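Only one structure is covered here, and it is reproduced in the block below.
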Amino acid sequence: MPQPSWLKTGAGRRIAHHRLTGNGPGIVFLGGFKSDMEGTKALWLEEWARARGRAFLRFDYSGHGRSSGSFTDGCIGYWAEDARAVLDALTEGPQILVGSSMGGWIALLLARARRERVAGMVGIAAAPDFTEDAMWAGFDEPDRRQIMQEGQIALPSEYGEPYIITRRLIEDGRDHLVLRSPLDLPFPVRFLQGTADNDVDKSVALRLLDHATGPDMRLTLVRGADHRFSDPDCLDLIGAALDEVSARADTG
1 MPQPSWLKTG
11 AGRRIAHHRL
21 TGNGPGIVFL
31 GGFKSDMEGT
41 KALWLEEWAR
51 ARGRAFLRFD
61 YSGHGRSSGS
71 FTDGCIGYWA
81 EDARAVLDAL
91 TEGPQILVGS
101 SMGGWIALLL
111 ARARRERVAG
121 MVGIAAAPDF
131 TEDAMWAGFD
141 EPDRRQIMQE
151 GQIALPSEYG
161 EPYIITRRLI
171 EDGRDHLVLR
181 SPLDLPFPVR
191 FLQGTADNDV
201 DKSVALRLLD
211 HATGPDMRLT
221 LVRGADHRFS
231 DPDCLDLIGA
241 ALDEVSARAD
251 TG
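Quick note: the sequence shown uses UniProt numbering, first residue 1, plus one each step.
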């Protein structure tokens, strides 16, 4: 396995990444909550980009994968800062953002912060505002008291060890919500969502589509697809969406 390269951010965090040189607009993959850049979608997208001569970047947020820091010290604001740092330092010109789950939220924050650098977007089971609308809204009163008084709570995960959800994550998330204020996406956007997703309900995708504004935005619902969205058919759909966004971005 190739060793990653490293970027030290202005905040002092060391971000592990792999970068593929090629033509633009380049592709930046933004992974999900507690995932890393070695996942199925990230590696598949790298090969997709390589086959087309496209620049490609995948990286680990701080507290994820090979990057520095503890996961429980992180929050949406930190991870969005990491994404801005790699976009600014490691890419040139407009980029197409591919955001998976939490990465979809990060992509939307990037689109607000660096609009001139975004040529297009593909969201895969995008999970904007999940700390508030899924986590906090789903906690009962004892859970809320525990997280406020003790600073964290453990939630079971079907992907492995429990998720430690911190008070910092919840409170910081409220400073980065995107579905409560205007969200303009003035570039080609494709959202992909499975109907059998137990982590992000299809209603989230419909709400995002209804809330955001933009001239070229589409949502594809895939019956039976789960949150991973990484079986061969789903990967082909990601590739088709990216081909379409790339073609539209190439022609302006």
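Where is the CB? At the ideal position from N, CA and C, for every residue including glycine.
Every value quoted in this text rests on a predicted model; they were computed, and no experiment measured them.
Close beta carbons around residue i, own chain, < 6 Å, minus the five adjacent residues each side
| i | result |
| --- | --- |
| G123 | G99, G104, F191 |
| M102 | G32, F33, A127 |
| D172 | C75, I76, G77 |
| T72 | I164, T166 |
| residue 269 | What is shown of the chain runs 1 to 252, which leaves residue 269 out entirely. |
| L235 | W44 |
| A107 | L30, L97, G99, M121 |
Spatial neighbours of residue i in its chain, beta-carbon cut-off 8 Å, leaving aside the 5 residues before and after
| i | result |
| --- | --- |
| R114 | R84, L87, D88 |
| R167 | I147, M148, G151, Q152 |
| G214 | D184, L185, P186, F187, V189 |
| A247 | none |
| P162 | A154, L155, P156 |
| S67 | R13, R14, I15, A16, F59, D60, Y61, D82 |
Pairwise C-alpha distance: residue j and residue i
| i | j | result |
| --- | --- | --- |
| I76 | F33 | 10 Å |
| W136 | N23 | 42 Å |
| D140 | R207 | 24 Å |
| A125 | L237 | 13 Å |
| D250 | L242 | 12 Å |
| F56 | R180 | 32 Å |
| D216 | R145 | 43 Å |
| R218 | L177 | 22 Å |
| residue 273 | S70 | Residue 273 lies beyond the range of the chain shown here (1 to 252); nothing can be said about it. |
| D129 | A240 | 27 Å |
The beta strand (DSSP E) enclosing residue i, as first and last residue numbers
| i | result |
| --- | --- |
| H18 | 14 to 20 |
| W6 | 5 to 8 |
| M217 | 217 to 222 |
| P232 | Careful: P232 lies outside any beta strand (DSSP E), inside the alpha helix (DSSP H) at 232 to 250. |
| M37 | First-last for M37: undefined, no H or E at that position. |
| A119 | 118 to 124 |
| R190 | 189 to 194 |
Neighbourhood of residue i by C-beta, 7 Å cutoff - its chain only, sequence neighbours within 5 removed
| i | result |
| --- | --- |
| A212 | L183, L185 |
| V118 | P94, Q95, L97, L110, A111, F187 |
| K202 | Q193, T195, L221 |
| D82 | T9, R13, I15, Y61, S62 |
| T40 | S230 |
| T131 | I76, L169, I170, G173 |
| V204 | A127 |
Residue i burial status per 10 Å Cβ neighbour count (16 or more: buried)
| i | result |
| --- | --- |
| Q3 | exposed |
| E46 | buried |
| G138 | exposed |
| S5 | exposed |
| T91 | buried |
| D199 | buried |
| A11 | exposed |
| M1 | exposed |
| D175 | exposed |
| T21 | exposed |
| R228 | buried |
| S35 | buried |
| G65 | buried |
| L155 | exposed |
| G26 | buried |
| R54 | buried |
| A51 | exposed |
Limits of the unbroken alpha helix (DSSP H) element including residue i
| i | result |
| --- | --- |
| Q152 | Unbroken run through Q152 is the beta strand (DSSP E), 152 to 157; no alpha helix (DSSP H). |
| K41 | 40 to 52 |
| residue 271 | A query on residue 271 cannot be resolved here, the shown segment of the chain reaching from 1 to 252 and no further. |
| S203 | 202 to 211 |
| L110 | 102 to 113 |
| G173 | 167 to 173 |
Neighbour flag for residue i against chain C, beta carbons, 9 Å
| i | result |
| --- | --- |
| P162 | Absent here is chain C; the protein component of the structure consists of one chain. |
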